[in-house]
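For the protein sequence lines, the chains are H and Z, in the order given.
Quick note: the first sequence, position 26, residue 26 per this note's numbering, numbers continuous.
Quick note: the second sequence, position 89, residue 1089 per this note's numbering, numbers continuous.
Idealized CB from N, CA, C, for every residue including glycine.
Quick caveat, the model's predicted, so the values are computed rather than measured.
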Amino acid sequence: MNTNHFKHLLAATMLLACTYATQAQERYFTRTGTIAFFSETPMENIEAHNYKVTSVWDATTGAVEFAALIKAFEFEKALMQEHFNENYMESSTFPKATFKGTFSGVTADQLKKPGTYQVDVKGDLTIHGVTKPVATTGTVEVDKEGKVKAENTFVVSPEDHDIEIPGMVRDKIAKEIQVQVRIDYQLM
Amino acid sequence: MRQLFIVALLGVATALPAQDDLLSLLGEEEEDLVIMTDASFKTTRVINSHSLENVAHGVLDFKIGHRFGFLNEGFNEFFGLDQATIRLGLDYGVTPQLMVGIGRSSYQKTVDGFVKYKLLRQCDQGCNMPITLAGVAAMSMNTQEEEDLPWYDPTVENYFSHRLAYSFQLIAGRKFSESFTLQLMPGLVHKNLVPDSTYAHDILNMGVAGRIKLTKRVAINAEYFYVPPDMLEDGYYNSFSIGFDIETGGHVFQLHATNSTGMFERAYITETVGQWSEGDIHFGFNISRVFTLHDPKAKARERIREQEQGEG
């Protein structure tokens, strides 16, 4: 192989590398996404918020991932937060809730101009160490300034994730918990 | 040429790892998120002594402490159940580090108050603090009628200051795991009045306390206070207590056995008359009920909500 060939090969490799790089630019991320959940029963309404959710979304492939630290959920009552971590979520053993899946219904090009899109969300939700498939519909909105926001509300049942709720408090914790996700994405 | 090659390689290398795990692209996520260790004990008291925990900011804790009589008093006293010594107390979390409390005990009709401050806080993530260090300064005041005072002597004038005693304590401890917590408590009790000049006004003491969590809601606690023998007045012994914590939602019930009658520092550290070996054991319980009076994060939450609505 003479030097010339080698130079061509190099150029090709670099071009390839650059293509990868351009593709990489279609990735969006956040470290400050919010997840809130609401448990409503006649006895008591409980809500908690996490403002430190991380997510990466590859708009070219549709692949998306979320992670939320359980201990970062903030409750109105400190004792509820302690019990949530110690007794229900066992957050020292299962520190994170994660979602791994896909967004379909919006393309990387569409994200470059303003618009609102219905997005099908599909994937695996892991809470309390138990993974369950999830399918729901959310929205992705691109505003005039080009900011990309994703929103979704879905329902999680503690029972599905082996979260034990003792008889004494069963009337105070909803069987179906509303989960609200709001993400302001940034280009990576 | 070689540099070009390296650059090309680098280009390929950086493009590759993204494929399987998208979140790893963010590197060490949440590294800025500081999370303090919590729930080292179920409540702010081990049994009689303070634990590593404070009540949370804005939370009021109503405490009922109850000790029956000595077990060895036999059937006529229903093994101690005929008698009762109580302490009612209110603790409040002024900040995440600062807690204050007051209490009233039937033991010598004593009113006590304390300030507890966490100087260092053990943390799970985001910092490297391996222990919690707290300081407790407490004061107690006997409010009995003059004639009822244990040291009453009609020939000697009584001063108000005689009724006062103080306690200073450092609590250093660590939650080693979900199920095991241990703390050491070097301290000093100062009594304004002692029987005579051969007794020390300043009584040094060293406490050790720990807990083992059995299930999510039940733990075993124990505590022991050592006082150098020459500092204890005659007839007083070191305090040892052992018991269960049972948590049920908003309440924590503590059921225990102890040789101490009083439930504030001067009483249980320096005036324990019971001896375990003689069967001078009190069955007792503490009940803790918390009320959230103030939600310190409400404002921040409101601001975020308004922001979200503004955007939406």
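In its own chain, which residues sit with a C-beta less than 6 Å from the C-beta of residue i, not counting the 5 before and 5 after it?
i, result
"SER55 (chain H)", "THR30, GLY33, PHE66, ILE183"
"VAL119 (chain H)", "PHE103, GLY105, VAL106, GLY138, VAL140"
"THR1155 (chain Z)", "none"
"PHE1291 (chain Z)", "LEU1060"
Using beta carbons (cut-off 8 Å, strictly below), is residue i in contact with chain Z?
i, result
"PHE73 (chain H)", "no"
"SER39 (chain H)", "no"
"LYS175 (chain H)", "no"
"VAL121 (chain H)", "no"
"HIS5 (chain H)", "no"
"VAL205 (chain H)", "Beyond the ends of chain H as shown, which are 1 and 188, falls residue 205 (chain H); an answer cannot be given."
"ALA78 (chain H)", "yes"
"THR54 (chain H)", "yes"
"ARG182 (chain H)", "yes"
"ARG170 (chain H)", "no"
"ALA63 (chain H)", "yes"
"LEU69 (chain H)", "yes"
"HIS8 (chain H)", "no"
"HIS49 (chain H)", "yes"
"MET89 (chain H)", "no"
"SER104 (chain H)", "no"
"GLU44 (chain H)", "no"
Over what stretch of residues does the alpha helix (DSSP H) that includes residue i continue unbroken?
i, result
"ILE1269 (chain Z)", "1265–1270"
"LEU79 (chain H)", "78–83"
Can you say whether residue i is buried or exposed, counting buried as having 16 or more other CB atoms within 10 angstroms of its CB?
i, result
"GLU57 (chain H)", "What sits at residue 57 (chain H) in the sequence shown is Trp, not Glu. Looking at its Cβ environment, which holds 16 or more other Cβ atoms inside 10 Å, TRP57 (chain H) is buried."
"VAL1034 (chain Z)", "exposed"
"ALA21 (chain H)", "Below a pLDDT of 50, predicted positions are generally treated as unreliable, and ALA21 (chain H), at 49, falls in that range; no measurement from the model is reported."
"LEU1081 (chain Z)", "exposed"
"ARG1303 (chain Z)", "exposed"
"GLN1309 (chain Z)", "exposed"
"ALA72 (chain H)", "buried"
"THR1044 (chain Z)", "buried"
"LEU125 (chain H)", "buried"
"TYR185 (chain H)", "buried"
"GLY1126 (chain Z)", "exposed"
Leaving aside the five residues before and after residue i along the sequence, list all residues of the same chain whose C-beta is less than 7 Å from its C-beta, in chain order.
i, result
"TRP1276 (chain Z)", "PHE1240, ASN1259"
"LYS172 (chain H)", "THR41, MET43, GLU44"
"ASN152 (chain H)", "VAL121, THR136, GLY138, VAL181"
"GLU1073 (chain Z)", "PHE1079, GLY1080"
"VAL142 (chain H)", "LEU111, LYS113, PRO114, GLY115, VAL148"
"ALA1172 (chain Z)", "ILE1131, LEU1133, GLN1183, LEU1184"
"GLY1243 (chain Z)", "ILE1047, ASN1221, GLN1254, LEU1255, HIS1256, ALA1257"
"MET1139 (chain Z)", "ASP1112, GLY1113, LEU1164, TYR1166"
Give the range of the beta strand (DSSP E) segment to which residue i is assigned.
i, result
"GLN1097 (chain Z)", "Careful: GLN1097 (chain Z) lies outside any beta strand (DSSP E) and carries neither H nor E."
"TRP1151 (chain Z)", "Taken as a continuous stretch (DSSP letters only), TRP1151 (chain Z) belongs to no beta strand (DSSP E), as it is neither H nor E."
"ILE183 (chain H)", "177–187"
"PRO1186 (chain Z)", "1180–1191"
"HIS1256 (chain Z)", "1251–1258"
"ASP1061 (chain Z)", "1059–1070"
"PHE103 (chain H)", "96–104"
"THR174 (chain H)", "The sequence as given places Ala at residue 174 (chain H); Thr does not occur at that position. It is not in any beta strand (DSSP E) - ALA174 (chain H) carries neither H nor E in the DSSP assignment."
"GLY33 (chain H)", "27–40"
"THR136 (chain H)", "130–142"
"ASN1286 (chain Z)", "1282–1292"
Would residue i count as contacting chain H if we go by Cβ distances under 8 Å?
i, result
"THR1143 (chain Z)", "no"
"PRO1017 (chain Z)", "In this prediction, PRO1017 (chain Z) has a pLDDT of 45, which is less than 50 and means its spatial position is unreliable; what the coordinates show is noted afterwards. No, PRO1017 (chain Z) lies away from the interface with chain H (no Cβ there is under 8 Å from its Cβ)."
"GLY1249 (chain Z)", "yes"
"LYS1299 (chain Z)", "no"
"THR1198 (chain Z)", "no"
"ALA1056 (chain Z)", "yes"
"ARG1217 (chain Z)", "yes"
"THR1292 (chain Z)", "yes"
"ILE1269 (chain Z)", "no"
"ASN1039 (chain Z)", "It is worth fixing the name first, because residue 1039 (chain Z) is Ala in this sequence and not Asn. Closer than 8 Å to some Cβ of chain H, the Cβ of ALA1039 (chain Z) qualifies, so yes."
"LEU1022 (chain Z)", "yes"
Which residue wins for smallest C-alpha separation from residue i, given the options the options?
i, options, result
"MET191 (chain H)", "Z:ASN1128, Z:TYR1268, Z:TYR1107, Z:THR1248", "Since the displayed chain H opens at 1 and closes at 188, residue 191 (chain H) lies outside it and no answer follows."
"ARG1174 (chain Z)", "Z:LEU1071, Z:GLY1274, Z:GLN1183, Z:SER1167", "Z:GLN1183"
"THR61 (chain H)", "H:HIS8, H:MET188, H:TYR185, H:GLY101", "H:GLY101"
"VAL1046 (chain Z)", "Z:LEU1088, Z:PHE1160, Z:LEU1119, Z:THR1181", "Z:THR1181"
"SER1179 (chain Z)", "H:GLY146, H:ALA97, H:ASN87, H:LEU79", "H:ASN87"
"LEU1071 (chain Z)", "Z:VAL1290, Z:ILE1281, Z:THR1292", "Z:ILE1281"
"SER1161 (chain Z)", "Z:PHE1168, Z:SER1177, Z:THR1143", "Z:THR1143"
"PHE1176 (chain Z)", "Z:HIS1201, Z:GLY1210, Z:GLU1077", "Z:GLY1210"
"GLN1097 (chain Z)", "Z:CYS1123, Z:HIS1057, Z:ALA1267, Z:LEU1025", "Z:HIS1057"
"GLY146 (chain H)", "H:GLU47, H:ILE70, H:THR98, H:ALA108", "H:ALA108"
"HIS83 (chain H)", "Z:ASP1038, Z:ASP1196, Z:GLU1157", "Z:ASP1038"
"ASP1124 (chain Z)", "H:LYS77, H:MET80, H:THR93", "H:THR93"
"LYS947 (chain Z)", "H:MET89, H:THR98, H:GLN178", "Any question about residue 947 (chain Z) goes unanswered here, given that chain Z covers just 1001 to 1312."
"ALA59 (chain H)", "H:PHE154, H:ASP162, H:ALA150", "H:ALA150"
Apart from the five residues on each side of it in sequence, which residues of its chain come closer than 8 Å, Cβ to Cβ, to residue i?
i, result
"LEU1090 (chain Z)", "LEU1060, ASP1061, PHE1062, LYS1063, GLY1101, ILE1102, GLY1103"
Less than 7 Å separating the Cβ of residue i from some heavy atom of the ligand GDP?
i, result
"PHE1264 (chain Z)", "Judged by which ligands are present, the structure shown has none, so any question about the ligand GDP falls away."
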